[in-house]
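Engineer: Have a look at the structure that comes next, please.
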Amino acid sequence: MSITTRVLTGEALEAALDDVARLRIAVFRAWPYLYDGDLDYERNYLRAYQSPGAVVVAALDGTRIIGASTGAPMTDHADDFAAAFKDRTEPLEDIFYCAESVLLPEYRGHGLGHAFFDAREDHAQRLGARYCAFCSVMRPVDHPARPVDYRPLDGFWRKRGYAPLPGVTAHFSWKDVGDSVQTEKSLQFWMRQL
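The sequence shown begins at 1 in full-length UniProt numbering and counts up one residue at a time.
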């Protein structure tokens, strides 16, 4: 396996957004997101990553993008996240938002998760950010779709210096696989100082 990673910004980032959209649809279909997505929604969602401070870290097997990790200044997402951070002392302009990391299952376990975080944190520091934050979906432990062998990523995130921010949650709606309507989900924010 000859996997490489590339940091994409500007035109290179824009050229990769359809690949990122397809990966999001495929990877987030599994637990814990159970996301039943479509390309039109994804293209609209990924517009936030056309900002000057945005980054996509692409994992490639040859020339094929098999994983991607996105990030942008939190101010690019202020409409979505300002309410969650209203009681925090950190200004939104000091926070870099590490959005999704999506990787096809057959490529997991080779250190790409660390490569994704390393590249986004480096990018954030170059932009002058003082913090990196991300959010993860919160599902009940007894959810019927939870796989028996599921291992949450909390340990991985904590080893990288991230901790959950008590009471700092975002709320988004999407349609779960097998459902006919969207339902609201809560997402827990995690953050670390750079």
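In this text, a Cβ means the ideal position worked out from N, Cα and C, and glycines have one as well.
1) Taking buried to mean at least 16 other C-beta atoms within 10 Å of its own C-beta, is residue 138 buried or exposed?
2) Give me the residue from 2, 101 and 15 with the minimum Cα distance to residue 33.
3) Comparing C-alpha positions only, which one of 134, 26, 73 and 106 sits nearest to residue 92?
4) Please return the same chain residues whose Cβ sits closer than 6 Å to the Cβ of residue 165, not counting the five positions on each side in sequence.
5) By alpha-carbon positions, which one of 136, 180 and 150 ends up nearest to residue 162?
6) Check each candidate in 26, 56, 48 and 145 and name the one with the smallest Cα separation from residue 9.
7) Express the C-alpha separation of residue 24 and residue 178 in angstroms, rounding to a whole number.
Structural biologist: With the given structure in hand:
1) The Cβ neighbour count for residue 138, taken over all protein chains shown within 10 Å, is under 16; the residue is labelled exposed.
2) The residue with the shortest Cα to Cα distance from residue 33 is 101.
3) Distances from the CA of residue 92 to each of 134, 26, 73 and 106 were compared; the closest alpha carbon is that of 73.
4) Excluding positions up to five away in sequence, the list reads 189 and 191.
5) For the residues 136, 180 and 150, the minimum Cα distance to residue 162 belongs to 136.
6) Checking every option, the nearest Cα to that of residue 9 belongs to 56.
7) When rounded, the distance between both Cα atoms is 17 Å.
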